[in-house]
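J.:
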Amino acid sequence: MPPKNSEVVVTSARLATVQTERQNWAVYAGLVLTMFIWGLAWPVGRLLATNLPPVSIAAIRYAIVVPVLFAILWFREGSFKINRSWIPTLVVMGILNTTLYQIFFLYGVKYAAASDDSLVIGIGPVLIAIMASLILKERLTWTKILGFASGLAGIITISILSPNTQVLNRPLGVTLVFGGATAYALYTVLLRRFLSKNRADNNGPQQSSLSILTWISLFGWFFLIPFSLIESPWTYTWDAGSWLGILYLAILSTVVGYFLYIEGVSKIGAGRSAIFGNLVPVFGVLTSVFIGENLSPWTAVSFLLIFAGVLLVNRQVKNSGS
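Per our numbering, the very first residue in the sequence shown carries number 40; after that it's consecutive.
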């Protein structure tokens, strides 16, 4: 007796559901891998910046990243064209996202432990919410303020009570990384405003996220070069391990990490993908153990305070329907 049409429909629906679940699990695995790659970048950066000039590391990193991104852009889109009126905005975003963030990041891990610094960067979503209130005129609520206070308390906790005492200057290093998180938050808000304005302009050309990131990276790299020359990088010894570390930061952390994350966003959305970002400090702390850094109960306290701040901000965003 042949199956009824309803049974065929149910079976097809179940197969589609199973296939979707498998695809989602693959996306989740890709996002977890991305967060691991980004978390591992902290101890790798620490190993590099301890013995080599930080800005020069960043300049060489992007000397690799920029040509790779342009090659991928040409392969995918067959064009490098950009709206000339956008260049001033892209330059500003390049300075924030590439120049300042890289300088703060690498000098931060030079002066403080990678595990401590990776915790500090976790306050990023909180800073983005505060910046959005100030720049995009989103509502600044007590929940956001409380989230910022909780995140700041976590940073102060790890700055004062970190078990990693054998560092050059922990308060300075933590402050620098906080500066990097602030620069990145400002970049994110400006990028959000830029994209919204671009999409609202129906007459203007629509650029892909890859195109925008590529040009932002190029402009930011330009500003890294003169600062790197001040460090006289030619006076340092760049051994094979140093080049492997820089290749990791350039190819895996920047290029591969970007495409894995964008793939996740395209499949499950930006909101759900962003949740995985909370794993970066976790992987940063855990992988830093392998370079001899220490953990203590205060490490967990700091993480929980910062994570609580992120939860408060996300709760506010959810309730506001944004």
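We put the CB at the ideal spot given by N, CA and C, even for glycine. Please read all numbers here as calculations on a predicted model, not as lab measurements.
Sorted by chain position, which residues of the same chain lie with C-beta nearer than 6 Å to residue 353's C-beta, five sequence neighbours on each side aside?
T.: The count along the sequence shown starts at 1 and reaches residue 353 at position 314. Answer for residue 353: no residue qualifies.
J.: Less than 9 Å between the beta carbons of residue 363 and residue 341, yes or no?
T.: Past the boundaries of the shown model lies residue 363; the chain is included only from 40 to 361, so the question cannot be answered.
J.: Starting from the C-beta of residue 79, find all residues in its chain whose C-beta is less than 7 Å away, skip the five residues before and the five after it, and write them out in chain order.
T.: Position 40 of the sequence shown holds residue 79. If we look at residue 79 and ignore the five residues flanking it on each side, its Cβ neighbours are 322 and 326.
J.: Go through the segment 204-261 residue by residue and report every complete run of the alpha helix (DSSP H) that reaches 4 residues or more, in order.
T.: For the segment 204-261, whole alpha helix (DSSP H) runs of length 4 or above, ordered along the chain, are 209-239.
J.: Can you tell me the Cα-Cα spacing of residue 88 and residue 82, whole angstroms?
T.: In the sequence shown, residue 88 corresponds to position 49, counting from 1. In the sequence shown, residue 82 corresponds to position 43, counting from 1. Computed Cα separation, rounded: 10 Å.
J.: Short of 7 Å in beta carbon distance, which residues of its chain neighbour residue 248, apart from the five on each side in sequence? Order them along the chain.
T.: Within the sequence shown, the letter at position 209 stands for residue 248. Here the set comprises 301.
J.: Report the three-state DSSP secondary structure of residue 91 (helix, strand or coil).
T.: Indexing the sequence shown from 1 puts residue 91 at position 52. Here residue 91 sits in coil by DSSP.
J.: I'd like the ranges of any beta strand (DSSP E) spanning at least 3 consecutive residues and lying wholly in the segment 157-201.
T.: Qualifying beta strand (DSSP E) stretches: none in this window.
J.: Using the beta-carbon count (16 or more within 10 Å), is residue 278 buried or exposed?
T.: Position 239 of the sequence shown, counting from 1, holds the residue named residue 278. Exposed is the call here.
J.: Suppose only complete runs of 3+ residues qualify. What are the beta strand (DSSP E) ranges in the segment 252-319, listed by chain order?
T.: Segments of the beta strand (DSSP E) lying fully in the segment 252-319: there are none.
J.: Which residue's Cα is closest to the Cα of residue 191: 177, 204, 97 and 220?
T.: Sequence index remark: in the sequence shown, residue 191 carries index 152 (1-based). Answer by Cα proximity: 220.
J.: Excluding the 5 residues preceding and the 5 following residue 107 in the sequence, name in chain order all residues of the same chain whose CB lies nearer than 8 Å to its CB.
T.: In the sequence shown, counting from the first residue as 1, residue 107 sits at position 68. Counting only Cβ-Cβ distances below 8 Å, and skipping sequence neighbours, we find 289, 290 and 294.
J.: At the level of alpha carbons, what is the spacing between residue 261 and residue 63?
T.: Mapped onto the sequence shown, residue 261 falls at position 222. Mapped onto the sequence shown, residue 63 falls at position 24. Cα to Cα, the separation comes out at about 39 Å.
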